[in-house]
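Working notes for the structure below.
If you want it as structure tokens, here you go:
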């Protein structure tokens, strides 16, 4: 979408280690909060679906006691619905049990009702009914590489899903395993990691096994994607066939976040962290970095951010909205959430002292 | 074995399953679920029977493989079933079964 109309407002969803907070704003300056919803359950994934003339908030909930589930709300959190048989449930023949939903990804406007999910154990799921029931993607589940995929610190999960507008071209990323691509809408999958380093393996350039933290698609160039790796920031211009480093100009090549502009080509954001040994912003100074030329150059953006911040920003604890100019939002493991209404030029604190922020999503919605 | 949401007359005493308050809304607000049986049943059979009408409650207690969730404890005769025969532990008519979440987390 383009510029705001008076009939639209913004919604911000913040998933934390101990519950979900929702906020609405008419202008991205003043926010009204509700929550915590699902207190004492972690919220690692949120999808806001604005298709079909409604706003559906889908939430991956996980209780340490009672397990994971997916719920949704069509009234901005006033009420929640949990499908009786469970939205995501492993078929009996797999012998597997759902551990955590890491990603909820509404598909393109041209495919209303289609929602993808990524989960732990490493799996991809697809819903055609707006996220109420998902089917396991068998092509990935039965992949011959499965026994060689590993687990990152947070678990073994498919955490990134990118579907191209035509719908036949799907990229996912998993930790650890790297990037896999399907050219047939998810029926078959092949690794596509050439150029992405796996320095922690005996062969640092394997076909798969990389610990890619997040991928995102360029808004304007078909076949161009960006990746924040476990050390390394990359871009592909050929649909994943080759990845090239675009880390020059960043203060660190480690991090978890990768965001791309909703409309404009060549624009992406990262939040660099020092490294394996110090997973904090470099020198304890939190900053977002944005490129407007597909990674050729980066610009540090820290206006409105604190002078010192020693908490990291997790892979899904950052989001953009679809407005023009785009809003940029992120939260820290220290429970502070920052928002920018001008593509990161200036940030303002919108929430603080929450539990660890695991997931942030934002959207432009019809005003109630 | 049959299950009921309230106590009914039976020649042998029912098995009662006491739910923690956080799960009671998933059982229609009931504090206790009761099962009528003419002999001993396993915990697995008991849960299968009592949660057939409450599928969300069933998922809170066990995962898709049927395994008891890690921090869900079920007590039969005062002992946690993991120290007995797990879900194969037998429950006698008239016994009370307690579902208690473990003290875990931070």
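Chains as they are written, first to last, in this note's numbering: chain A, 1 to 368; chain B, 369 to 474. Cβ atoms here follow ideal geometry from the backbone N, Cα and C, with glycine treated the same way. A quick note: this is a predicted structure, and the numbers were derived from the prediction, not measured.
May I have the straight-line CA-CA distance separating residue 282 (chain A) from residue 211 (chain A), to the nearest angstrom?
-> Cα to Cα, the separation comes out at about 21 Å.
Return the first residue and the last residue of the beta strand (DSSP E) that residue 411 (chain B) is part of.
-> Counting along the chain, residue 411 (chain B) falls outside any beta strand (DSSP E), though it belongs to the alpha helix (DSSP H) covering 411-418.
Given residue 343 (chain A) as reference, the closest of A:322, A:182 and A:331 once Cα atoms are compared | If you compare the alpha carbons of A:322, A:182 and A:331 with that of residue 343 (chain A), the shortest gap goes to A:322.
Uninterrupted beta strand (DSSP E) stretches inside the region 291-363 of chain A (no shorter than 3 residues) = Counting whole runs of 3 or more residues, the region 291-363 of chain A contains the beta strand (DSSP E) stretches 299-301, 318-320, 328-331, 337-340 and 348-351.
Chain-order list of residues whose beta-carbon lies under 7 Å from that of residue 305 (chain A) (same chain, five-residue window excluded) = Around residue 305 (chain A): 286, 287, 338 and 347.
Simplified DSSP state of residue 94 (chain A), which is helix, strand or coil = DSSP places residue 94 (chain A) in helix when its eight states are reduced to three.
When you compare only the Cα positions, how much space is there between residue 131 (chain A) and residue 112 (chain A)?
-> Approximately 11 Å between the Cα atoms of the pair.
Drop a sphere of 10 angstroms on the beta-carbon of residue 457 (chain B), count the other beta-carbons inside from all chains shown, and report buried for 16 or more, exposed for fewer.
-> Here residue 457 (chain B) is buried, its C-beta having at least 16 other C-beta atoms within 10 Å.
Partner residues on chain A for residue 428 (chain B), Cβ-Cβ distance less than 7 Å | Under the 7 Å cutoff, chain A gives 66 and 67.
Can you tell which of B:406, B:471 and B:415 has its C-alpha closest to the C-alpha of residue 386 (chain B)?
-> Comparing Cα positions, the closest option is B:415.
Between the Cα of residue 163 (chain A) and those of A:122, A:140, A:248 and A:223, spot the shortest distance and give me the residue it belongs to.
-> Nearest C-alpha to residue 163 (chain A): A:223.
Three CB pairs or more closer than 8 Å across the region 64-78 of chain A and the region 44-56 of chain A = Touching, yes.
If you measure beta-carbon to beta-carbon, which residues of the region 117-132 of chain A are closer than 8 Å to chain B?
-> Listed in sequence order: no entries.
Check whether the Cβ of residue 383 (chain B) lies closer than 8 Å to any Cβ atom in chain A.
-> With 8 Å as the cut-off, residue 383 (chain B) does not count as an interface residue toward chain A.
The beta strand (DSSP E) enclosing residue 104 (chain A), as first and last residue numbers = From DSSP, the beta strand (DSSP E) with residue 104 (chain A) extends over 100-106.
Taking 8 Å as the cut-off, decide whether the C-beta atoms of residue 268 (chain A) and residue 259 (chain A) are in contact.
-> Result yes, Cβ atoms of residue 268 (chain A) and residue 259 (chain A) sit closer than 8 Å.
Tell me whether residue 469 (chain B) sits in a helix, a strand or coil according to DSSP, three-state version.
-> Looking at residue 469 (chain B) - three-state DSSP - the assignment turns out to be strand.
According to DSSP, residues forming a beta bridge with residue 448 (chain B) = In the DSSP secondary-structure assignment, residue 448 (chain B) is bridged to B:443.
Listed by chain order, chain B residues near residue 108 (chain A) by CB distance under 9 Å | Neighbours of residue 108 (chain A) on chain B: none; closest Cβ ~30 Å, over 9 Å.
Nearest to residue 96 (chain A) (by Cα), restricted to the options A:359, A:329, A:122 and A:102 = Nearest of A:359, A:329, A:122 and A:102 to residue 96 (chain A), Cα basis: A:122.
Would you please state the rounded distance, in angstroms, between the beta carbons of residue 186 (chain A) and residue 137 (chain A)? I believe it to be under 8 Å.
-> Residue 186 (chain A) to residue 137 (chain A), Cβ: 5 Å. Contact.
Which residue from A:294, A:334, A:309 and A:357 puts its Cα closest to that of residue 319 (chain A)?
-> Minimum Cα-Cα distance from residue 319 (chain A) among the listed residues A:294, A:334, A:309 and A:357 corresponds to A:357.
Neighbouring residues, chain B, relative to residue 90 (chain A) (Cβ below 7 Å) | Residues of chain B passing the Cβ test: 432.
Own chain residues within Cβ distance below 6 Å of residue 2 (chain A), not counting five before or after = Any reading at residue 2 (chain A) must be qualified, since the residue scores a pLDDT of 44, below 50, and its modelled position is unreliable; the value itself is stated next. Closer than 6 Å at Cβ, skipping near neighbours: 324.
Might you give, ordered along the chain, the residues of its own chain that have their beta carbon closer than 6 Å to the beta carbon of residue 430 (chain B), omitting 5 neighbours on each side?
-> If we look at residue 430 (chain B) and ignore the five residues flanking it on each side, its Cβ neighbours are 436.
Going along chain B in order, which residues have a C-beta closer than 7 Å to the C-beta of residue 82 (chain A)?
-> Under a criterion of Cβ atoms nearer than 7 Å, the residues of chain B adjacent to residue 82 (chain A) are, in order, 424.
Mind checking residue 438 (chain B): buried by the 16 CB within 10 Å criterion, or exposed?
-> By the neighbour-count criterion, in which a residue is buried when 16 or more other Cβ atoms sit within 10 angstroms of its Cβ, residue 438 (chain B) is exposed.
Flag residue 437 (chain B) as yes if its beta-carbon sits less than 8 Å from any beta-carbon of chain A, otherwise no.
-> Answer yes: the Cβ-Cβ gap between residue 437 (chain B) and chain A drops below 8 Å somewhere.
With DSSP as the reference, label residue 12 (chain A) as helix, strand or coil.
-> Residue 12 (chain A): strand per DSSP, three-state reduction.
Could you check if residue 364 (chain A) is buried or exposed, using at least 16 other CB atoms within 10 Å of its CB as the buried criterion?
-> Buried.
Please confirm if residue 449 (chain B) has its CB atom under 8 Å from at least one CB of chain A.
-> Not one chain A Cβ lies under 8 Å of residue 449 (chain B).
Could you have a look at residue 48 (chain A) and say whether DSSP puts it in helix, strand or coil?
-> In this structure, residue 48 (chain A) counts as strand in the three-state DSSP scheme.
Have a look at the DSSP bridge pairing and note the partners of residue 161 (chain A).
-> Partner(s): A:172.
CB contact check: residue 60 (chain A) to chain B, cutoff 8 Å | No, no contact with chain B.
From residue 264 (chain A) to residue 280 (chain A), what does the alpha carbon distance come to, in whole angstroms?
-> Roughly 30 Å separates the two Cα atoms.
Going by beta carbon distance, what residues of the same chain come within less than 8 Å of residue 272 (chain A), once the five residues before and after it are set aside?
-> Cβ within range, chain order: 250, 251, 252, 253, 254, 255, 281, 282, 287 and 289.
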